[in-house]
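J.: Just so we're aligned: 327 in full-length UniProt numbering is position 327 of the sequence shown, and the numbers increase by one with no gaps anywhere.
Note that CB positions come from ideal geometry on N, CA and C, so glycine has one too.
Here the structure is a predicted model, which is why all the values come from computation and not from measurement.
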Amino acid sequence: MIPGLPDDLAVACLIRVPRADHWKLRLVCKKWFRLLAGNYFYGLRRRLGLAEQWLYAVKCDGDGRVSWDVLDPGHRAWRALPPVPGEYASAVEFGCAVLGGCHLYLFGGRDPRRGPMRRVVFYSSRSNRWHRAPDMLRRRHLFGACVMGNRLYVAGGEGGLRSAEVFDPAKNRWSFVSDMAASLMPSVSAVHGGRWYVKGIGEQQQVMSQVYSPETDAWSAVLELDGMVTGWRSPSVSLGGQLYAADCKDGCRLRAYDEATGAWSGCFDSGHHLGSSHAVEAAAMVALHGKLCVVRNDLSVSVVDVTAGAGSPRWETVAGKGQIKTFVTNLLSTIAGRGRTKNRVLHCQVLEA
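1) Thinking S238 and H192 are a contact (beta carbons under 8 Å), I'd like their distance in whole angstroms, please.
2) Within 8 Å, do at least three Cβ pairs link the segment 259–270 to the segment 211–221?
3) So which of G194, T230 and D179 has the shortest CA-CA distance to V188?
4) Do V58 and C96 have their C-beta atoms closer together than 9 Å?
5) Specify, as a first and last residue, the run of the beta strand (DSSP E) that V84 falls within.
6) Just checking my contact of F94 with G109 at CB under 8 Å: how many whole Å lie between their CB atoms?
7) Report yes or no: do three or more beta-carbon pairs, one from the segment 196–208 and one from the segment 244–263, lie closer than 8 Å?
8) Looking only at DSSP bridge pairs, what is S124 linked to?
9) Determine the closest residue to G279 out of V301, G86 and T261, with distance taken between C-alpha atoms.
10) Over what stretch of residues does the beta strand (DSSP E) that includes K249 continue unbroken?
11) Quick check: what's the CA-CA separation for E281 versus V345?
12) Output the boundary residues of the beta strand (DSSP E) element that contains M285.
13) CB-CB under 8 Å to A308, same chain, minus the five flanking residues each way: which ones, in chain order?
14) Examine the Cβ distances between the segment 161–176 and the segment 130–142 and report whether three or more of them are shorter than 8 Å.
15) Roughly how many angstroms separate the alpha carbons of G4 and L25, rounded to a whole number?
16) Please name the residue or residues paired with A12 in a DSSP beta bridge.
17) By a C-beta neighbour count over all protein chains shown, 10 Å radius and 16 as the cutoff for buried, is Y40 buried or exposed?
18) Our contact map puts A164 next to V177 with C-beta atoms below 8 Å; I'd like the distance itself, whole angstroms only.
19) Considering only C-alpha positions, which residue in the set A80, P186, L274 and L81 is nearest to G159?
20) To the nearest angstrom, how far is it from the Cα of S125 to the Cα of R79?
21) Starting from L292, trace the beta strand (DSSP E) in both directions and tell me its first and last residue.
22) With DSSP collapsed to three states, give me the class of R113.
23) If we ignore side chains and look at the alpha-carbon of each, how far apart do N330 and G74 end up?
24) Is I324 helix, strand or coil when you go by DSSP?
25) Rounded to whole angstroms, what's the CA-CA distance from L351 to P83? Just pull it up for me.
26) So is F33 buried or exposed if we call it buried at 16+ other beta carbons inside 10 Å?
27) In three-state DSSP terms, what is D69?
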């Protein structure tokens, strides 16, 4: 594999090459290409703590075209990726999730011409390719989705859907789970404490919340007086057993849910706010290398170390394609009619390799 070195020592060298250079390794020879095309290489990187996490953003432009970009935190620059599969090039209201740490799934949604879909595709960060997966059992859009125990759960959707189903990648099969307590179009959901919390709009246009337990395969209603759902807003994320949510439009101030008191409290403030324009609106929150990332529509990313405690949170800003504007610059560009971005971030996920 490397002249003069035993193969096991050669592999020990290659797995330490930064992820950004893996495409170069594939071009060296067929042996290296086959090595990087299999699971052994990346499984070894993960076991030895060498796997790198990159941030992927699926976005939609003003014309409804779906595309996606990737951010290598080490280089701090977004890079456009090849087109998404044709089924999702103009789809809306679809789901997105990660299984196994390296497979990004797109599923369901609505095609502008053909209506709701059952389609499921996934991208592998190891092979750098898209693949087909078994279709869902029901067509659905505007639905909720989550991952628990490396299984993908979907539930609800427009049209009064109460059904829920789960995909097990080990069996490569979808199966039904218990129906929701009532039909719901989820607007925000999160896995917290081993259960899936969903909040959205019911058939009578009322705000309602439900929680699903995979252990009992049962849904139950969550009272609106419950402190968690009362102050819960999107985007949100569960990190280190703690549930966090945006406390302002640009996501520069966060709130955390305190189970002891049953209330939300603002505890992480960057001290530097970006405004309330669509461009800087917080679109997603994800966990990256143990830190909380806030991703905005202009692809700017703020990273906060929530383990530092509320008294001394460490915020760091990673500028994306659109550099973060000062208040004056943002105001002037808004007056000039250029302050709004056409891009809207639909989903953000973290993949490792």
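T.: According to the data block:
1) 5 Å
2) no
3) T230
4) yes
5) Counting along the chain, V84 falls outside any beta strand (DSSP E), and DSSP gives it neither H nor E.
6) 3 Å
7) no
8) H103 and R129
9) It should be noted that the sequence gives Ala, not Gly, for residue 279. It is V301 whose Cα lies nearest to the Cα of A279.
10) Premise fails: K249 is in no beta strand (DSSP E) and is neither H nor E.
11) 10 Å
12) A282 to L288
13) R314
14) Judged by Cβ distances under 8 Å, the segment 161–176 makes contact with the segment 130–142, as three or more pairs qualify.
15) If you take the alpha carbons of G4 and L25, they lie about 18 Å apart.
16) Beta bridge pairing from DSSP links A12 with no other residue.
17) exposed
18) Your pair A164 and V177 checks out as a contact, with CB atoms roughly 5 Å apart and the cut at 8 Å.
19) P186
20) 15 Å
21) K291 to R296
22) Coil.
23) Bear in mind that the predicted position of N330 carries a pLDDT of just 49, short of 50, making it unreliable; the figure below should be weighed with that in mind. Their backbone Cα atoms lie some 28 Å apart in a straight line.
24) Confidence in I324 is poor, its pLDDT being 41 and thus under 50, which makes the residue's placement unreliable; the coordinate value appears in the next sentence. I324: coil per DSSP, three-state reduction.
25) Spanning the two alpha carbons is a distance of roughly 18 Å.
26) Sixteen is the threshold: since fewer than 16 other Cβ atoms of the shown chains lie within 10 Å of the Cβ of F33, the residue is exposed.
27) strand
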